Amino acid sequence: MRHGHVRRWALAAAPVGALLLAGCGIQGTGVVEAGGPASVRVGPDPDFDALLFFRLPDGELTPVVRSFPPANAFPDEYEQTGGPVLPRSPERAVLALLAGPAKEDEAAGLSTSLPRTTTAGGVRVRSAADGRVLVNLPLALGALDATAVRQLICTAAYSKDRDGRVTVLVKGRDGVTATGICGLDLNGEDPGPTPTAVATRGRTAPPGPTP
Amino acid sequence: MPRVLLIEDDPAVREGVELGLRRRGHDVRSAATGEAGLEALSEFRPDLLLLDLMLPGMNGVQVCRRVRENSQLPIIMLTARGDDFDMIVGLEAGADDYIVKPARPEVLEARIRAVLRRIEPTDTERPATRVHGDLTIDRAALTVTKAGRRLALAPSELKLLLHLSAAPEQVFSRQQLLEHVWEHSYHADARLVDACVRRLRNKIEDDSGTPRYVQTLRGFGYRFGPL
Amino acid sequence: MSPAPTAGVPAPDGGSPVHDGAEHPEGGGGRRDPGGRRRARWSWAFGLRTRLTLAFLLVAAVSAGTTAALTYREARSALLQTAQDTAVSSFRDEVRQTGFPMPLQAEGIEGVLRDIARKGRPHPWVAFAEYGSIRASSGTSPVSGVITPQLRRAARANPHGSFQRVVKDGVPYLTIAMPTVFPTGPEGVLPTGLVLYAVMRMTDEQINVEALLTAARDGALPGLVVALLPGLLAARSVLRPVRELRRAARSMGSGRLDTRIQVRGGDELADLARTFNESAEQLEHSVRELRQAEARARRFASDVSHELRTPLAGMLAVTEVLDEDAGRLDPDTARAVRLISSETGKLAGLVEDLMEISRFDARAAELNTDELDAAEAVRKTLENRHWTDGRVRTELPEGIRVRLDPRRFDVVVANLVGNALRHGGTPVTVRLRRGTGSDGVPLLVTEVADNGPGIRPEALPHIFDRFYKADAARTRSEGSGLGLAITLENVRLHRGTVRAGNRPEGGAVFTVEIPLHTEGDGR
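Rendered as structure tokens:
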């Protein structure tokens, strides 16, 4: 009988002890989201800098800042969108992208999916009447992979619009075109899970000069 | 033969005792109440009063006191065992002895004789009158005077005083006194002795609280003196 | 005839000693089972008081413990939350105030990280940077062993600050991941691809937590001690009525049936007290009725004896007349008259004994003690009964002074000797000696032994009963049948004992033990 009592008392005391014991020390947790990211100053100087998009080792695209000092500006190339005249030109940005990662970029492990092209001519970037950005490339688009196309679209978008929120149409020498938006913008309209600015690729025109 | 007055309310007991005693040669007169008994007293002049304690109207103790007011008539109480309180009161009132009812006639006879028996002069050689302090005891005349004044002592008181003073300073146990003075058995009620001693002291002592003549020895008994 | 055995010495061997022959009812039963009392006392130690106090303490402990534990948990999570939030936001602030080249360059980044690490709040932390293939830290190792892949994955997948608490080797760490972004234009924001990590040991937090734990314990423990006082008070308030009840029950047990308990309040204990009072009242009522009935019965016996005595007194007074005159009557009438005379005498004795017994029953018997010589008292008893013709032998040492009621002692000795002479065989031996009681009281021991057949064992327990006939064949003895009962009562009145038994060498023996000094009247 007495044992029964003891057991009952122990039963009553057990939760308290358990509670006390469980509360001791600091336990590990899962990953907890806490606020937004840190916004840092990296430039770009809107007048002289351009953003080129290279590939990180994990395959994602990341922007790098490439400066174009005023001395190297092409004053004859104007945009007629009504915006301010930019000393940097979109063509130079695309050319720089095609030229491949610089030494510093490669040191940080960045790479490109585009074939290195050093020809200076044949790249034209202009704005269409519907607000799209048209890019003519001096290389065959059909041989490029998706990442390469996105590199092109993003670089072109940010070279024409500081927020990169424009649709880009790329047309290769082989007549293959790809269209899309960059979609890397965190504040973008559609920052969906696949913001991959997917280029809709297709032979919209036969090979040859664009009309 | 002694004349006995019997005061007893129960007719059967009265008649039985009367019959028994008369048969033994006593001159017996009986009364049914205390008042009647007291009336018969002066006319009959008995030698002894047999007094039932439980009486209607005037009870035995009151009768006893009334008698003692002017008489040293020997009185024997008739009592039932267990009526201790009445017995003690009766003894204090001046009764000389008691008999427990029911009693056979020979017992009654023996008691009556014992009470009436005179103390024999023990020593004829010695003078009958002896003086102890203020007390003068005349064994021949059976009188006691204190400072020249004669004391009225009931028979039992006188016998007790004579017995004790016959051997001054000798201690008598209460059992011895019961046997010799009252002729009771050794085992009889010692309160009989105590009551008599108290009555005697009231009469002979200057201060009965610190007795001079009849002294107590606790655990042993009584003695006369030393003065 | 062999010489009488030495007085008072029990038989050395063979058979049971005299005194053990049989315990007569007087032999007190003594208190039994002292172990039971001890057990009861022991269980008192674990009794109601202890249990109540323990229960109170337990409740106090549970509530104090629970409160402490809950408070502790709340406080701890609040504490950790604060620490974490402070760390995350300050880390974010530090990072925000730092400029990074894009792409990141391995040279110089460690200096920047050390700068950030130094400003760590609430504690210094180790800052790590991961960009492309660049791994750098403010510490010795460029890659932390504490940061989990989950945290890395989360930091890469969505651009939010996040943290994770990791316990490694018993040491808790706070790991914070902080992806960096930069504005491209008025609205656009792009991730830079640089993720900064901070790893902070939470040792101080741990200390705080431990301090908190100690504080809870130190708070709860005094709380328990403080709870002990009301616990004891509560136990007391419950136990007081219980104690009162016990006292009252004991008081009732010792005969004070008018015991009542004061009823306080309206709780269960008050109900109990009320029930007790009601029961006590009923008991008192029943006992009163019983006593009244008993008293009526006693008074009846007494009254009957009284009423018998008066006619007997008359009859007894005339028996002598009958006896004397019987000789002159014709033989039949003479026999009848003599029969009436002798039976009247016996009837008188019987009524006298009945009166005596009813006085004992009514507790009206008084002890009129006197100091006397025991040997002389016995001798006088035998003389008065004329038992001096050699039927009774005596061993009466002189000089034993004893204080007793002479008349009652006479009755005791006479009854025992008379009984021995009637039922036992002569010679009857009366022996006196001094003795000592179990409590050291000096005793007068009186033994009356006979040479008869002894008392049958089955008769021994009843030998002192009223009207008990030890010998069934003898339907009517010469005695009243109350002699031994009166003897027992008289001895009791002297605070003494009387036993009956059989001697090993044959014959019955009665042993009376009376204190040498019975002081005054016992009642």
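If you read the sequences in order, they're chains A, B and C.
Using my numbering, read the first sequence as starting at 1 and increasing by one per residue.
Using my numbering, read the second sequence as starting at 1001 and increasing by one per residue.
Using my numbering, read the third sequence as starting at 2001 and increasing by one per residue.
Note that beta-carbon positions come from the ideal geometry of N, C-alpha and C, so glycine has one too.
Owing to the predicted nature of the structure, the values given are computational and were not obtained by experimental measurement.
Presumed contact (8 Å Cβ cut-off) between residue i and residue j, rounded CB distance
i	j	result
C:Leu2196	C:Ala2127	6 Å
B:Leu1053	B:Gly1094	Between B:Gly1094 and B:Leu1053 the Cβ distance is about 13 Å, and since that is not below 8 Å, they are no contact.
C:Ala2177	C:Leu2151	5 Å
A:Ser159	A:Ala93	4 Å
C:Leu2482	C:Phe2464	Going by Cβ atoms, the distance from C:Leu2482 to C:Phe2464 rounds to 10 Å, so no, they are not a contact pair.
B:Pro1168	B:Pro1226	7 Å
C:Leu2316	C:Gly2345	7 Å
B:Pro1102	C:Ala2313	4 Å
C:Gly2454	C:Ala2508	5 Å
A:Ser39	C:Val2181	5 Å
In DSSP terms, what residue i is bridged to
i	result
C:Glu2447	C:Arg2431 and C:Thr2511
A:Ser127	A:Val133
A:Val65	A:Leu51
C:Ala2129	C:Ala2136 and C:Leu2196
C:Asn2502	C:Ala2508
C:Phe2163	A:Val32 and C:Ile2176
C:Val2181	A:Ser39 and C:Pro2191
B:Arg1003	B:Asp1027
B:His1132	B:Leu1135
A:Ser111	A:Arg55
B:Arg1215	It should be pointed out that residue 1215 of chain B corresponds to Gln in this sequence rather than to Arg. Partner(s): B:Arg1223.
Any C-beta of chain C under 8 Å from that of residue i
i	result
B:Asp1027	no
A:Ser67	no
B:Leu1051	no
A:Arg257	It is not possible to answer for residue 257 of chain A, since the shown part of chain A is limited to 1 through 211.
A:Thr118	no
A:Thr112	no
A:Leu97	no
A:Ala107	yes
B:Ala1110	no
Any C-beta of chain B under 8 Å from that of residue i
i	result
C:Thr2310	yes
C:Pro2442	no
C:Asp2410	yes
C:Leu2272	no
C:Asn2415	no
Minimum Cβ-Cβ distance from residue i to chain A less than 8 Å
i	result
C:Phe2182	yes
C:Ile2134	yes
C:Ala2364	no
C:Val2199	no
C:Arg2049	no
Other residues of its chain near residue i: CB distance less than 8 Å, five sequence neighbours each side excluded
i	result
C:Met2252	Thr2259, Ala2280 and Leu2283
C:Asn2277	Arg2260, Ile2261 and Val2263
C:Leu2048	Ala2235, Val2238, Leu2239 and Val2242
Cβ-based neighbour list, residue i, same chain, cut-off 7 Å, excluding 5 preceding and 5 following
i	result
B:Val1028	Val1004, Leu1006, Glu1018, Leu1021 and Arg1022
B:Arg1130	Ile1137
B:Arg1066	Leu1038
C:Arg2474	Unreliable placement is indicated for C:Arg2474, whose pLDDT of 49 sits below 50; the coordinate value is still reported in the next sentence. Closer than 7 Å at Cβ, skipping near neighbours: no residue.
C:Phe2091	Ile2176, Met2178 and Ala2198
C:Asn2490	Arg2408, Val2411 and Val2412
Neighbourhood of residue i by C-beta distance below 6 Å, restricted to the same chain and skipping five residues each side
i	result
C:Gly2139	Val2126
B:Arg1174	Ala1190, Val1193 and Gly1221
C:Val2146	Val2166, Lys2168, Tyr2173, Thr2175 and Val2199
C:Ala2301	Ser2358
C:Glu2458	none
_Any C-beta of chain A within less than 9 Å: which residues of the region 2143 to 2160 of chain C qualify?_
Those would be Thr2148, Gln2150, Leu2151, Arg2153, Ala2154, Ala2155, Arg2156, Asn2158, Pro2159 and His2160, in chain order.
*Pull out every residue of the region 2315 to 2327 of chain C whose Cβ sits closer than 9 Å to any Cβ of chain B, in chain order.*
Shown in chain order are the members of the region 2315 to 2327 of chain C whose Cβ falls below 9 Å from a Cβ of chain B: Met2315, Leu2316, Ala2317, Val2318, Thr2319, Glu2320, Val2321 and Glu2324.
*Within 8 Å of chain A by C-beta, residues of the region 2223 to 2236 of chain C in sequence order*: Of all residues in the region 2223 to 2236 of chain C, none has a Cβ within less than 8 Å of some Cβ in chain A.
*For the region 2374 to 2398 of chain C, enumerate the residues whose C-beta is nearer than 9 Å to any C-beta of chain B, in chain order.*
Those would be Glu2376, Ala2377, Arg2379, Lys2380, Thr2381, Glu2383 and Asn2384, in chain order.
*Note down, in chain order, all residues in the region 1186 to 1218 of chain B with a beta-carbon under 9 Å from any beta-carbon belonging to chain C.*
Within the region 1186 to 1218 of chain B, the qualifying residues are Tyr1186, His1187, Ala1188, Asp1189, Ala1190, Arg1191 and Arg1218.
_Members of the region 145 to 172 of chain A near chain C, C-beta cut-off 8 Å_ = Answer set for the region 145 to 172 of chain A: Tyr158, Asp161, Arg162, Asp163, Gly164 and Arg165.
*Just by C-beta distance, which residues in the region 2247 to 2261 of chain C are closer than 8 Å to chain A?*
So nothing in the stretch comes that close.
*Please name the residues in the region 1014 to 1041 of chain B whose beta-carbon is closer than 9 Å to at least one beta-carbon of chain C, in chain order.*
Residues passing the 9 Å Cβ filter: Arg1014, Glu1015, Gly1016, Val1017, Glu1018, Leu1019, Gly1020, Leu1021, Arg1023 and Arg1024.
*Against chain A: residues of the region 2183 to 2194 of chain C by CB proximity under 9 Å*: Those residues of the region 2183 to 2194 of chain C that come within reach of chain A (Cβ to Cβ, closer than 9 Å) are Pro2183, Thr2184, Gly2185, Pro2186, Glu2187, Gly2188, Val2189, Leu2190, Pro2191, Thr2192, Gly2193 and Leu2194.
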